[in-house]
Amino acid sequence: MKALDHGSNALYDIPGPKTERRHMLYGVLSTVLIAAVVGWVLYLLFDTDQFTATKWNPFTYKGIQELLLKGLGNTLKAFAIAAVLSLALGAVLAVGRLSDHRPVRWLATLIVEFFRAMPVLVMIFFVFVALKVQPLPALVTGLTLYNGSVLAEVFRSGVNSVEKGQREAAYALGMRKTQVMSYVLGPQALRAMLPAIISQLVVALKDTSLGYLITYEEFLHAGKLIASNLDYDLPFIPVVMVISPIYIGMCMLLSWFATWVSKRQQRNPKVEAVDVAPAEPGTLLPGRQ
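Per this note's numbering, the very first residue in the sequence shown carries number 3; after that it's consecutive.
What follows is the structure, given as structure tokens:
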């Protein structure tokens with residue numbers, strides 16, 4: 003094989019002068035295109051008078067601020083309950099799908115596949131209208147059934163991704179299946195599952211906005227009330243510009259939390275590799291003279 007020199011990499015050749023100029027051109031063109039789109043959007047906003055004081059004055063009123071804060075609190079409340087229940091349901095269904103008993107495995111598979119295929123909005127409406135449940139429990143139930151089913155597949159895939167030898171070694175030591183799952187497979191699978199878990203929780207957070215369709219007074223519902231009931235030239239765009247960054251910020255906060263947990267796990271001595279002292283000359287094996 004041809005030896006790698008200083009101008010190449012193990013995975014790809016380092017780009018030459020022509021390629022670097024081409025990449026720089028692509029970057030400049032992309033930047034110009036993005037700037038043009040942002041400029042066009044800003045022009046439309048200014049042209050339609052979206053930044054006039056009349057449309058932004060409502061946000062200075064205490065009643066409007068309290069309405070938004072109440073909606074945000076209701077959103078976080080629904081998300082917190084749905085997240086905890088979804089993780090619990092996902093764990094239970096994952097255990098069922100990994101069960102050695104065929105009827106339990108089939109039942110868990112049927113539940114997971116059914117609720118994964120059902121649209122969230124349909125489940126929320128069914129619980130709210132058909133079962134005549136209050137808005138908050140109806141919203142939480144729909145979110146829990148869907149996200150719990152998806153998380154069950156995440157948990158199952160994470161456990162199955164652990165090297166098979168880990169499981170066999172644990173059983174060889176006489177550990178029971180519950181101990182193997184709790185002390186061997188679970189901790190190792192968690193690090194692989196964490197990004198997918200957080201991504202699904204972000205989906206659950208965004209789906210709480212479906213609560214406004216069943217009159218649950220969450221954050222989007224509060225924004226809709228402000229945009230449609232105030233006689234200030236219907237400030238729909240300003241409301242969107244206020245609510246959207248907060249939703250984005252909450253999702254970014256979840257992602258940051260996932261990164262923090264992952265780094266903390268890597269520093270945990272329970273999951274760090276143990277340094278083994280090198281063998282020294284003249285060291286005798288046990289039992290040897």
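Quick reminder that beta carbons are idealized off the backbone N, C-alpha and C, glycines included.
Assuming residue i is part of the alpha helix (DSSP H), what are its boundary residues?
i: Ser88; result: Lys64 to Arg99
i: Phe127; result: Val122 to Phe127
i: Tyr45; result: Pro19 to Asp49
i: Gly144; result: Pro137 to Asn162
i: Phe61; result: Where Phe61 is concerned, there is no enclosing alpha helix (DSSP H), given that its DSSP letter is neither H nor E.
i: Ala119; result: Arg104 to Ala119
Using a Cβ-based criterion (distance less than 8 Å to any ligand heavy atom), does residue i qualify as near the ligand ATP?
i: Ala260; result: The ligand ATP is not part of the structure shown, which contains no ligands of any sort.
Please work out which residues of its chain come closer than 7 Å, Cβ to Cβ, to residue i, disregarding the five sequence neighbours upstream and downstream, and give them in chain order.
i: Ala140; result: Ile126, Val129, Phe130 and Ile216
i: Leu153; result: Ser88, Leu89, Gly92, Ile199 and Gln202
i: Tyr214; result: Glu220, Leu222, His223 and Lys226
i: Thr77; result: Thr210, Glu220 and Phe221
i: Met252; result: Leu207
i: Val263; result: Leu196
i: Ala132; result: none
i: Lys20; result: none
i: Val39; result: none
i: Tyr173; result: Val182
Given residue i, which residues of its chain have a CB within under 6 Å of its CB, disregarding the five upstream and five downstream residues?
i: Gly9; result: A caution first: Gly9 carries a pLDDT of 46, below 50, which makes its placement in the model unreliable, though a value can still be read off. Excluding residues within five positions, the ones whose Cβ falls inside 6 Å are Ile16.
i: Leu69; result: Ala224
i: Ser101; result: Arg107
i: Gly289; result: Because Gly289 carries a pLDDT of 47, less than 50, the predicted location of this residue cannot be relied on, and the following value inherits that uncertainty. Hits under 6 Å: none found.
i: Gly188; result: none
i: Ala96; result: Ala154, Phe157 and Arg158
i: Ala275; result: Bear in mind that the predicted position of Ala275 carries a pLDDT of just 43, short of 50, making it too unreliable to give a figure here.
i: Ser184; result: none
i: Gln136; result: none
i: Arg24; result: none
Sorted by chain position, which residues of the same chain lie with C-beta nearer than 8 Å to residue i's C-beta, five sequence neighbours on each side aside?
i: Lys72; result: Glu219 and Ala224
i: Leu212; result: Val122, Leu123, Ile126, Leu141 and Gly144
i: Ile248; result: Leu74 and Phe221
i: Ala191; result: Phe157, Gly160, Val161, Ser163 and Val164
i: Met120; result: Leu147 and Tyr148
i: Gln168; result: Val186, Leu187 and Gln190
Pop quiz: residue i and residue j are said to be a contact at Cβ under 8 Å. What is the actual Cβ separation, rounded to whole angstroms?
i: Leu138; j: Ala80; result: 6 Å
i: Gly98; j: Val106; result: 5 Å
i: Val114; j: Ser151; result: 5 Å
i: Ile228; j: Pro60; result: 6 Å
Smallest Cα separation from residue i: which of the options?
i: Leu186; options: Ser32, Ala171 and Leu109; result: One point to set straight first is that residue 186 is Val, not Leu, in the sequence displayed. Checking every option, the nearest Cα to that of Val186 belongs to Ala171.
i: Ser257; options: Val205, Arg169 and Gln181; result: Val205
i: Pro197; options: Val34, Ala260 and Tyr45; result: Ala260
i: Ala110; options: Glu155, Gln190, Glu68 and Leu133; result: Glu155
i: Pro240; options: Gly150, Ile36, Ala55 and Lys208; result: Ala55
i: Asn149; options: Ala84, Lys179, Met177 and Val43; result: Ala84
i: Met254; options: Lys208, Tyr28 and Val242; result: Lys208
i: Phe238; options: Leu47, Leu27 and Ile36; result: Leu47
i: His103; options: Leu175, Ala82, Lys179 and Val43; result: Lys179
i: Met243; options: Met183, Phe53 and Leu31; result: Phe53
i: Thr146; options: Met177, Phe117 and Val182; result: Phe117
i: Ile66; options: Ala38, Thr33, Met177 and Ser230; result: Ser230
Practice task
For the segment 166-198, list the alpha helix (DSSP H) runs that are entirely contained and at least 4 residues long, ordered along the chain.
Solution key: 166-174
| request: Could you tell me which uninterrupted beta strand (DSSP E) segments, each at least 3 residues in length, are contained entirely in the segment 244-268, listed from first to last along the chain? | output: You should have found no qualifying run.
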